[in-house]
Structure formats: structure tokens, C-alpha cells
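Step one of this worksheet: look at the structure below.
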């Protein structure tokens, strides 16, 4: 029997998972920079040259030269006309305006993002925002995910313009053409019998892979469900281990997440069993995925929970090996 208090712990776990996964990403970006500036307003004055830096401020303004990469977390980030960033620009802000120039790529996450005239992005440009305006020049491809995308008459993209949202083309220039994407996906959309067969294939692959995991690591599977209930903070995915390892971890975590869902549902019944939990969790997740918003939310939470217990499992194994290697104290009595 599980204590009723575990229900509240499950709800609190969701918030803990999101915070635990997001904060290390920001910390990793900051650690990669040679300088950090924290303050109300960070300004690089005209005529000044500074090295690349990370700024946490209400405003970040570049009127001079930043010789390197600029990473900014602020309410407003502006590279003014005459300002220059020789490297990349990464901005997380309420609004981002590039009226100067960048030597590398520019990526912005903001409420409003603008490449203003006569601004120039020396590499590719990417933005996730409520609205995006392209009135300057992008030397390579531009990719935007926004509610509204405006291509001004002075706007120029020397590559593809790939956008999600509504495009207001006011006569700007796009060398390789504009492409609208209704939904970003790692796989091409499938419909008809092919889509059904592919979905069934993925379902079977999850069941087979999950069965192999449960067979190979039965003790870990038993501890996984209890781990979610007994710990308020679940382990972090080691994103810096590499993209391939990270994607594999996400996939394995998603399978364990479905197993945890099945185990949770079975906890309300008289039935129990690792394989039964897996064969309950996978189909239930597949059914919930049919609902546009609820399905995405459920899959996200299951991946977070699964990755968390996998990471904690690795940590426990590491600590166990460390304890075995540590010399035991001798009794001098």
C-alpha cells in the first residue's frame, strides 16, 4: 500500500522536474563565457571594444564592439546601428533588436524580435517569438517560429526563409524562397495506411524495447516507480554528454515513463507486475497522444519522469561502485 501523501508528491514532482531540467541549460551557457555582467543596464559604449560576455540585466545595449559571442538574458537586448558583435548572438529577452551587425549566427527567444534596417546578421538567423520583423539583411537562412512574421521591403534573406506562423510579405527579398511549416517534426508527416502502419511499428518497438529493459534490469525497474514517489527531485539528463547520447536517453526515458504510468495505474487495482505495467502504460500513452494538447503534455511529463529515474539510476550505480572501491576503516581496538 502506498501512502495517500504520495499523490501530492507526484504533483509537486512535475514542477521540480521542469525547474531541474531548465536551470542547468542556462547555467551551461553562462559557464561557457569568459565574462559575466550582472546589473540593471549593461552598455558597450560607441568606440569601446570588449570581449565576449554573458549579461543578466534589465537592458543590454551594444553601441561599440563585442569581440566574441554575446549571450544576454534581459528585458530588452539591442545591438544599435554602428554596434558590432563579431561572434554569435544568443538572446533571451522581452524584445530583441539587431540594427548593427553580427559576425556569426543570431538566435533570439523573445516576445518581439527584429532585424532592423540597416542591421546585418552574418550567419543564419533563428527566432522563437510572438512577432518577428525582418527589415535588415540575413546572410544565410532565416528560421522563425512566431505568431506573425513581417518581411519588410528592405528585408533581405540570402537563403531560405522557413517560418511557422503568418507571413506578411511586404516586398522583401528571399534568395531561395519562403517555406511555411505548419508543424515542426523530426519525421515527415504520414497519412493513410502508411501512417497507421508506422504508428503500430513504433508502438511495437516501444513494447519490445521496454520488455528488454525490464528483463535486463528488473531491479532497476522495481526501484523506478518507488523512486518517483520517494524523491522530490529527480536526476538530471546529462545533455553535455553529446546529442546522440542525449536523444537515446530521451527515448529510453520515454519508455520508462510509460512504464511508470502503467505502474501508477495498476497501483489503484489489485494487479501488479513489471511487464503488465509496461503493456498498460504504452497503449494508454498512445491513446492520450491522440488529443492535441493533453497528449503532448502527458508525453512531456512522462519523458521528464523517465529521464529522471534513469539519471538517478546511473548516479546510484556510480555511488555503489565508489563505495566498493573505498577502503574500509580498520578496527584498532
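Residue numbers (the numbering used here): 10 to 342.
All C-beta atoms in this analysis are idealised placements derived from N, C-alpha and C, irrespective of residue type, glycine included.
Between the CA atoms of residue j and residue i - distance to the nearest angstrom
i: residue 42; j: residue 295; result: In this predicted model, residue 42 has a pLDDT of only 39, less than 50, meaning its place in the structure is not dependable; the value taken from the coordinates is given anyway. Rounded to whole angstroms, residue 42 to residue 295 spans 42 Å at the Cα level.
i: residue 277; j: residue 206; result: 33 Å
i: residue 245; j: residue 262; result: Annotation note: pLDDT 38 at residue 245 (below 50); position unreliable, no value reported.
i: residue 148; j: residue 156; result: 23 Å
i: residue 173; j: residue 60; result: 35 Å
i: residue 217; j: residue 293; result: 16 Å
i: residue 184; j: residue 275; result: 57 Å
i: residue 57; j: residue 71; result: 10 Å
i: residue 265; j: residue 307; result: 13 Å
i: residue 130; j: residue 117; result: 12 Å
i: residue 124; j: residue 214; result: 45 Å
i: residue 283; j: residue 309; result: 22 Å
i: residue 139; j: residue 224; result: 47 Å
One or two residues paired with residue i in a DSSP bridge
i: residue 111; result: 94 and 130
i: residue 85; result: 68 and 104
i: residue 170; result: 151 and 187
i: residue 99; result: 80 and 116
i: residue 215; result: None; residue 215 has no bridge partner.
i: residue 45; result: 63
Whole-Å CB distance - residue i paired with residue j, under 8 Å assumed
i: residue 164; j: residue 145; result: 7 Å
i: residue 150; j: residue 128; result: Residue 150 to residue 128, Cβ: 17 Å. No contact.
i: residue 143; j: residue 107; result: Contact flag wrong, Cβ pair sits at about 10 Å.
i: residue 113; j: residue 96; result: 5 Å
i: residue 344; j: residue 91; result: Because the chain here runs from 10 to 342, residue 344 falls outside it and cannot be looked at.
Sub-7 Å separation of residue i and residue j beta-carbons
i: residue 290; j: residue 271; result: yes
i: residue 285; j: residue 268; result: no
i: residue 68; j: residue 80; result: no
i: residue 104; j: residue 119; result: yes
i: residue 111; j: residue 122; result: no
i: residue 176; j: residue 158; result: yes
i: residue 160; j: residue 135; result: no
i: residue 126; j: residue 109; result: no
i: residue 86; j: residue 102; result: yes
i: residue 187; j: residue 170; result: yes
Residues near residue i by beta carbon distance below 6 Å, same chain, minus five either side
i: residue 65; result: 47 and 82
i: residue 154; result: 137 and 173
i: residue 52; result: 70
i: residue 100; result: 81, 86 and 117
Beta-carbon contacts of residue i that lie in its chain and below 8 Å, excluding the five residues immediately before and after
i: residue 212; result: 291, 292 and 295
Same chain, Cβ closer than 7 Å to residue i, five either side skipped, listed in chain order
i: residue 281; result: 275
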